Amino acid sequence: MDGKRIILDEIHRLENPLGILEAAKNFPSVRIIATSPSPFRKDSHPDASISDRVAQMWLTPMMSQDLTDFYGASLTRRFLRGGLPSFFARSKLEDSGFQEWMDDFWAKDIQPLFRFTQRDPFQRFMELLFARSGELFEAVRYAAPCGVSRTTITKYLEALEATWAVLVLRPFSTRRPVEIVTAPKTYVFDTGFLCHFRGWQELREEDYPIIWKHWVLNELCTRLQAPTVQYWRDKRGHEVDFVLISQERGIVALTGQWRAGDFDSANVQAFRYHYPDGPNWVVCNDVAHEYGHNFGNLKVEFLSLEEMAKRLCPGPGPQESTRGETPDHPMAPPLESPSNGENPPT
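Counting from 24, one number per residue, gives the positions in the sequence shown under the numbering used here.
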């Protein structure tokens, strides 16, 4: 066993997954790669040696670097198909593929971990939540359509968050009277499901702004490797898409804007009235080189997605893989769909 690498897919389905990790300490040269829909809690086992040996990685859907690795595959294809490799690489993706994924998710990820007995209301909730991705979450909106109580809806959301199927953004606030302080925003984990449950077979110009925000959030989660992103909103409707807190930069106000020319500074100005310190980033699809602009006393930096990534985690250059070593035999480029493989409008 010395020097061997063991891969355990869906380790949570085993009777005692932590016991396996504990036994691995007797073979210090053996490396175990284990996948699970929910994160390993380092405080869930009394043996501290396990915590010391476990490193976790959040495998998000395909990120920007992955498109480069796929021979520069188009952004529109990534938006419509989503970032699950099995969906993205197919020459044609049928609608039935999404339902099959939903059924497998229920059987393999939800039932073993949660005590839900009814599949239909749970899947109905997923469909509605995915279609409304990027909106404020209110349990009362889903209870009647799903035929369950508000308490059950809240439990459903907790399960989807625990298994990374939904990203729940909590509001950033210091409990000022003008701020939203409790209502979260929910984002589906992958753009393919957003497009599917909104019935988008092809993307119109007006569809790109909301999908771009999902794409920016996916990049943030991949780079930060932690669900630490928040949002801000006041009771007048001013909103900042994403708020990041760091010791180096302070409070970062980040806006995902498909076109730089559509940026409205009023939202960030309202935010900075209460929280004046920190950089203001607007991450755009049509910005090739970063630049700054002053809106009165407000300084805003317009960035590309690549520049945002560099600022978040400086290190590997654009030709270096951030997901691991480059394979000796790179995979062939996926077949492009004639109708959905074009680059997005700029």
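Cβ atoms here follow ideal geometry from the backbone N, Cα and C, with glycine treated the same way.
Treat the numbers as computed from the prediction; the structure is a model and nothing was measured.
1) What residue range is occupied by the uninterrupted alpha helix (DSSP H) comprising Tyr179?
2) Could you check where the alpha helix (DSSP H) with Gln146 kicks off and where it finishes?
3) Using a Cβ-Cβ cutoff of less than 6 Å, which residues in the same chain neighbour Gln280 once the five nearest sequence positions on both sides are dropped?
4) Does the structure place the segment 265-281 close enough to the segment 230-248 that three or more beta carbon pairs sit under 8 Å?
5) According to the neighbour-count rule (16 or more other Cβ atoms, all chains shown, within 10 Å of its Cβ), is Tyr296 buried or exposed?
6) To the nearest angstrom, how far is it from the Cα of Asn317 to the Cα of Val310?
7) For Gln292, which three-state DSSP category applies?
8) What residue does the beta strand (DSSP E) around Leu326 start on, and which one ends it?
9) Considering only the beta carbon of each residue, do Val266 and Asn290 sit closer than 7 Å?
10) Grab the span of the alpha helix (DSSP H) containing Arg101 for me, first residue to last.
11) Between Cys336, Met331 and Glu313, which lies nearest to Phe325 when the distance is taken from Cα to Cα?
12) Which partner residues does His316 have in the DSSP bridge list?
13) For Glu150, collect the residues of the same chain with a Cβ closer than 7 Å to its Cβ; drop the 5 residues on either side in sequence, then sort them by chain order.
14) From the DSSP output, in three-state form, read off Val252 for me.
15) Measure the Cβ-Cβ separation of Val323 and Gly301 and say whether it is below 7 Å.
16) Just to confirm before moving on: does the CB-CB distance between Ala162 and Thr140 stay below 7 Å?
17) Kindly give me the distance between the Cβ atoms of Gly207 and Arg193, rounded to whole angstroms, as I take these residues to be in contact under 8 Å.
18) Measure the C-alpha to C-alpha separation of Gln88 and Ser172 and round it to an integer number of angstroms.
19) Note the first and the last residue of the continuous alpha helix (DSSP H) segment covering Ser87.
Taking the coordinates as given:
1) Arg173 to Ala185
2) Arg142 to Ala154
3) Phe286, Val305 and Cys307
4) yes
5) exposed
6) 17 Å
7) helix
8) Leu321 to Leu326
9) no
10) Leu98 to Arg104
11) Ranked by how close their Cα comes to the Cα of Phe325, the residues Cys336, Met331 and Glu313 have Glu313 in first place.
12) Val323
13) Phe220
14) coil
15) Not closer than 7 Å, so no.
16) no
17) In the sequence under discussion, the amino acid at residue 207 is Pro, which differs from the Gly named in the question. Their Cβ separation, rounded to whole angstroms, is 5 Å, which keeps Pro207 and Arg193 in contact under 8 Å.
18) 42 Å
19) Unbroken alpha helix (DSSP H) run through Ser87: Ser87 to Asp92.
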